[in-house]
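One structure below.
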Amino acid sequence: MDKNIYFEALGGGQRVGASSYYLRFCEHNILLDAGTGKEKNTEFYPDYYALQTSPFVQSMNQIDQIFISHAHTDHVGYLLELMKQTQNAKVFMTPITKILSEFQLYDRSITERKLTDESAMLAARSLLDKIIAVNFTQTVNFGSYQATFFPAGHIPGAMMILFESDNKKILYTGDYSLNNTALTSGCSVPDGLDIDTMIMCGLHAKHPEHVSDSNALYENAENVLLQTAVFRQYIMCCVPQLSKGIEFLKALNESNKDGIPIYLDWSILNIVRKIESMSVPILNRYNKLIGDHTPIEPHIYLTLNQKTNNNKYRLYHQQKINFSLHDDFSDMRKFIKKINPRQAVIVHCGKERSGELNSSIEQEMLLEPDCRTQFIFAEEKQLYKL
Ligand SMILES: [Zn+2]
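Residue numbers for the sequence shown follow my numbering, beginning at 341 and rising by one.
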């Protein structure tokens with residue numbers, strides 16, 4: 341058996357968006373994530389043609405397994421397209437990721453008229469039904485290697501994946517957080533794993549000055565509640581991303597001491613109900629479904645769909661809500677120190693910012709006396725032998 345391990349970023353290398361990574365491990369052709377990206381309103385996708393020039397994959401039918409770390413579109417948005425090309429691949433994700441992905445790739449695609457005719461809907465449905473749900477700490481055996489899944493924090497359902505053969509251990513982090521968020525606890529991987537290679541989503545690996553504002557979510561929520569309670573305003577909160585909408589609702593509900601009514605539309609309520617069915621409690625008695633008419637009492641209206649030009653919404657103060665669910669530079673250092681892998685392959689990496697010190701996590705880790713990690717900042721469409 342060829343014991344060599346190979347890696348190639350097909351998207352989401354030294355930039356964010358369209359994450360998809362090829363891993364050749366124990367002669368299996370594995371893909372990690374299948375996302376889309378957006379730049380100036382143009383969508384972009386992983387480049388699977390690049391993979392077909394490698395010695396291992398002549399046809400996408402040779403892909404054996406696909407693992408989806410979590411349900412953000414930059415990690416799952418391209419999955420259905422990919423599944424059409426990879427007839428023999430088995431697809432794995434957690435049950436919550438499956439629910440959130442179905443919502444993004446099916447329900448929302450219908451609302452946004454990306455899926456219009458019946459046959460396209462049926463085809464999408466049957467692909468989604470093929471996805472295999474796996475649970476945290478479960479191990480699946482693939483013959484020459486096995487995979488175990490751990491909570492990654494970040495958003496509900498997000499998983500890290502540990503790949504193990506007789507003598508090698510690889511950890512794919514996906515997006516992760518060390519700290520608790522409104523809906524998830526921080527990541528949880530066992531100590532002392534002795535990882536050879538960690539494939540790591542390192543959004544802030546080149547941003548030494550970046551400190552995450554972990555209070556931003558609750559500060560946003562408290563501000564909006566205050567505006568409604570004190571100034572008797574009607575506030576419409578537009579949240580850019582599904583999971584952020586759910587997190588923001590949770591934060592509002594936790595901070596809502598005055599019982600301000602919080603209205604939702606179906607863009608959020610549908611998926612919140614599904615997540616609640618996976619025993620993640622979110623709703624309370626102040627949450628109501630918005631009807632055809634604007635309620636008379638001052639209230640908050642939470643939606644994913646921005647409604648700017650509609651006269652019906654003229655009474656509202658519109659507020660865009662944004663906050664980061666990612667770890668910052670110092671959390672990244674802590675996590676690398678904890679895992680202390682022999683090698684870290686950094687992907688999903690934001691560009692250097694002008695004005696910040698010209699340094700990366702690699703220089704930072706050199707200062708750590710016990711760190712044994714060698715870094716690769718993986719460029720897209722380059723095959724690396726690990
Ligand atoms: Zn994410």
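Note that the Cβ used here is the ideal one computed from N, Cα and C, for glycine as well.
Local conformation of residue i per DSSP, three classes
i: lysine 691; result: coil
i: phenylalanine 476; result: coil
i: arginine 673; result: helix
i: glutamine 714; result: strand
i: leucine 511; result: strand
i: glycine 585; result: helix
i: threonine 382; result: strand
i: lysine 614; result: helix
i: phenylalanine 365; result: strand
i: isoleucine 686; result: strand
i: isoleucine 495; result: coil
i: asparagine 596; result: coil
i: glutamine 405; result: strand
i: phenylalanine 443; result: helix
i: glutamine 425; result: helix
i: asparagine 651; result: helix
i: methionine 341; result: coil
i: lysine 678; result: helix
i: leucine 591; result: The sequence as given places alanine at residue 591; leucine does not occur at that position. Three-state DSSP puts alanine 591 in a helix.
i: serine 360; result: strand
i: lysine 438; result: helix
i: leucine 609; result: helix
Boundaries of the alpha helix (DSSP H) in which residue i is found, first to last residue
i: glycine 417; result: Note, glycine 417: premise wrong, no alpha helix (DSSP H); not H, not E.
i: arginine 448; result: 448-451
i: methionine 730; result: No answer is possible for residue 730: the residues shown for the chain start at 341 and end at 726.
i: threonine 376; result: No alpha helix (DSSP H) holds threonine 376; DSSP gives it neither H nor E.
i: leucine 391; result: 388-391
N- and C-terminal bounds of the beta strand (DSSP E) containing residue i
i: leucine 350; result: 346-351
i: phenylalanine 571; result: Note, phenylalanine 571: premise wrong, no beta strand (DSSP E); alpha helix (DSSP H) at 556-571.
i: leucine 707; result: Run containing leucine 707: none; DSSP gives neither H nor E here.
i: leucine 629; result: 627-629
i: cysteine 577; result: 575-578
i: tyrosine 727; result: For residue 727 there is no data in the structure shown, the boundaries of the chain being 341 and 726.
i: lysine 660; result: 657-660
i: valine 529; result: Counting along the chain, valine 529 falls outside any beta strand (DSSP E), and DSSP gives it neither H nor E.
i: methionine 538; result: 537-541
Euclidean distance between Cα positions of residue i and residue j
i: threonine 479; j: proline 635; result: 50 Å
i: aspartate 728; j: phenylalanine 675; result: Here the chain covers residues 341 to 726 and nothing more, so residue 728 does not appear.
i: glutamine 659; j: lysine 628; result: 19 Å
i: serine 459; j: threonine 426; result: 19 Å
i: serine 449; j: leucine 455; result: 5 Å
i: leucine 363; j: serine 466; result: 26 Å
i: glutamate 442; j: isoleucine 370; result: 22 Å
i: alanine 463; j: glutamate 421; result: 11 Å
i: aspartate 671; j: leucine 518; result: 7 Å
i: serine 552; j: glutamate 720; result: 27 Å
i: valine 570; j: leucine 589; result: 20 Å
i: phenylalanine 396; j: asparagine 428; result: 15 Å
i: isoleucine 472; j: aspartate 536; result: 27 Å
i: glycine 526; j: methionine 400; result: 35 Å
i: glutamine 567; j: glutamine 392; result: 55 Å
i: aspartate 414; j: serine 359; result: 6 Å
i: methionine 500; j: histidine 633; result: 44 Å
i: glutamate 702; j: glutamine 714; result: 8 Å
Identity of the residue in the options nearest residue i by Cα
i: glycine 631; options: Leu642, Asn624, Ala718, Phe384; result: Leu642
i: aspartate 373; options: Ser607, Cys541, Gln581; result: Cys541
i: leucine 440; options: Ala498, Ile406, Gly483; result: Ala498
i: histidine 666; options: Asn650, Asn555, Leu566; result: Asn555
i: alanine 349; options: Ser394, Arg673, Lys343; result: Ser394
i: asparagine 624; options: Phe715, Val356, Ser595; result: Ser595
i: glutamate 692; options: Ser700, Phe715, Leu419; result: Ser700
i: glycine 483; options: Ile539, Glu367, Thr521, Cys527; result: Glu367
i: tyrosine 603; options: Phe571, Leu468, Pro638, Phe715; result: Pro638
i: leucine 706; options: Arg673, Gly690, Lys678; result: Arg673
i: glutamate 704; options: Gln392, Ile510, Lys677; result: Lys677
i: alanine 434; options: Thr477, Gln402, Gln398; result: Going by the sequence as given, residue 434 is threonine instead of alanine. Taking only the C-alpha atoms, the option nearest threonine 434 is Thr477.
i: alanine 390; options: Tyr361, Gly599, Asp414; result: Tyr361
i: isoleucine 622; options: Gln646, Asn651, Trp606, Glu587; result: Glu587
i: serine 505; options: Arg712, Tyr388, Gln402, Ile345; result: Ile345
i: leucine 609; options: Arg453, Asp598, Leu644; result: Leu644
i: proline 548; options: Gly599, Lys470, Phe669; result: Phe669
i: glutamate 616; options: Thr713, Lys508, Phe432, Leu523; result: Leu523
i: lysine 380; options: Gln398, Gly357, Tyr388; result: Gly357
Distance between beta carbons of residue j and residue i, contact taken as under 8 Å
i: serine 409; j: tyrosine 512; result: 7 Å
i: alanine 492; j: leucine 502; result: In fact, because the Cβ distance is near 12 Å, the residues do not count as touching under 8 Å.
i: tyrosine 574; j: tyrosine 656; result: 5 Å
i: phenylalanine 489; j: asparagine 475; result: 7 Å
i: tyrosine 418; j: glycine 375; result: 6 Å
i: alanine 411; j: threonine 437; result: 5 Å
Neighbour flag for residue i against chain E, beta carbons, 7 Å
i: isoleucine 716; result: Here chain E cannot be found, since the structure has a single protein chain.
### Task
Measuring from each Cβ to the nearest heavy atom of ligand 2, keep the ones under 5 Å and list them in chain order.
Questions concerning ligand 2 fall outside what the structure shown contains, since the ligands it does hold are ligand 1.
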